[in-house]
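Student:
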Amino acid sequence: MFADVVIEGGGIKAIGLIGAIHEAEKRGYEWKRLAGTSAGAIIASFLAAGYTAEELKKIMLEMNYKQFIRKKGILHLPVIGQISNLLRYSGIYCGDALEEWVWRKLLAKGVRTFQDLDKPVYIIASDITSGTLLKLPDDLIQFDIEPSTFEIAKAVRMSASIPFYFQPVRLKTNDGTKNGNRYHYIVDGGILSNFPVWIFDSEFYPKWPTFGFRLVSEKTGKPNKVKGPLSLGHALINTMMDAHDMLHLKEKDFVRTIMVNTLGTKTTEFDISDEQREKLYLSGVNSAKKFFNQWNFAQYASTYRSKEIQS
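The opening residue of the sequence shown carries number 1 in the UniProt record's numbering; numbering runs sequentially from there.
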């Protein structure tokens, strides 16, 4: 059975999404088109490159997430280094480690650029210079960049650059004017659309479903600790990113979305324990089981998508 898939961002919490996707694959679903934001972009790009959810489970449960906040140079000086990087580069960590890791994992499947993929993947990022959403690779044209030859790892890095935490990616514009912006700053797609479940919709009757994989927060989650400017910034980031979990969905989107309980895990909880990883994964599995046990595509399509496909 074919399906399109849209995967929400959520940092470390995305482990739960892999559990839900694994359950979908066990039930025979194959992904036709994929899209994702932030951590969801990582998962979507890996699935498009040929990884199975079973393989992703092994990767995500065994991975050292602290490698993505690698400390270099002045960052070894507590507080001072973080403030210095924030002021100089608009982010504490550079994001190189994440991009390199994604690049290696994709290359292991023989994939480097978007043209290497057998199925399309769309990665959502936010252009904070123009205040617009970017659908990568298509929107790279506005920067005079050929979409098909752009490296997927770079696009993923853009989508996953949590503001203030990771430094923005800069894309050069071609305006060349003295008063114009020579660079556009690209950050986490979750700023503008953390869950673009609409991305594959058309006005006509669909040939197969689009499933959304989304995170929902427990109200009893751990509180953000605020003890100073930096911890205040971390709390702001977690609040901003986690707020998407509670946004209202239209009914037609709600009924096609697998909601995964995050069990109180924070977006930037890079020191997550092995026990919590396993709990998150199983939360995703159980959420997907509950969803697919009552899913009926024909009923969904007749209720919410009434127009026939044009020949």
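Glycine included, every Cβ here is placed at the ideal spot set by N, Cα and C.
Going by DSSP, name the residue or residues bridged to residue 122.
Tutor: 35
Student: Thinking C-beta only, is residue 16 closer than 8 Å to residue 284?
Tutor: yes
Student: Under the assumption that residue 169 contacts residue 157 (Cβ atoms under 8 Å), give the Cβ distance between them as a whole number of angstroms.
Tutor: 6 Å
Student: By Cβ distance below 6 Å, which residues in the same chain neighbour residue 360 in space, the five residues on each side in sequence not counted?
Tutor: Examination of residue 360 is not possible in this model, given that the chain is present from 1 through 311 alone.
Student: Enumerate in chain order the residues of its own chain whose CB-to-CB distance from residue 199 is below 7 Å, with the five nearest sequence positions on each side excluded.
Tutor: 6, 35, 122
Student: Name the two residues that bound the continuous alpha helix (DSSP H) containing residue 157.
Tutor: 152 to 159
Student: Among 272, 9, 290, 288, whose alpha-carbon lies nearest the alpha-carbon of residue 61?
Tutor: 272
Student: In three-state terms, what does DSSP make of residue 257?
Tutor: strand
Student: So for residue 170, helix, strand or coil by DSSP?
Tutor: Secondary structure at residue 170: strand, using DSSP grouped into helix, strand and coil.
Student: Thinking C-beta only, is residue 125 closer than 8 Å to residue 117?
Tutor: no
Student: Label residue 214 either buried or exposed according to how many other C-beta atoms from any shown protein chain fall within 10 Å of its C-beta, with 16 as the threshold for buried.
Tutor: Buried, by the Cβ-count rule.
Student: Suppose you measure from the CA of residue 21 to the CA of residue 14; what does that come to, to the nearest Å?
Tutor: 11 Å
Student: Alpha carbon to alpha carbon, how far is residue 298 from residue 67?
Tutor: 45 Å
Student: Tell me which same chain residues have a C-beta within less than 6 Å of the C-beta of residue 77, skipping the five on either side of it?
Tutor: Note that residue 77 has pLDDT 39, beneath the 50 cutoff, so the model's placement of it is unreliable and no number is given.
Student: Starting from residue 16, follow the beta strand (DSSP E) in both directions and report where the run begins and ends.
Tutor: Segment 15 to 26 is the alpha helix (DSSP H) holding residue 16; no beta strand (DSSP E) there.
Student: Cutting at 6 Å between CB atoms, please list the residues of its own chain near residue 9, excluding the five before and the five after it.
Tutor: 37, 38, 39, 40, 190, 194
Student: Are the Cβ atoms of residue 268 and residue 11 separated by less than 8 Å?
Tutor: yes
Student: On the three-state DSSP scale, how would you describe residue 263?
Tutor: coil
Student: Is DSSP giving residue 8 helix, strand or coil here?
Tutor: Residue 8 falls in the coil class under three-state DSSP.
Student: I'd like the span of the alpha helix (DSSP H) that includes residue 292, first residue to last.
Tutor: 274 to 292
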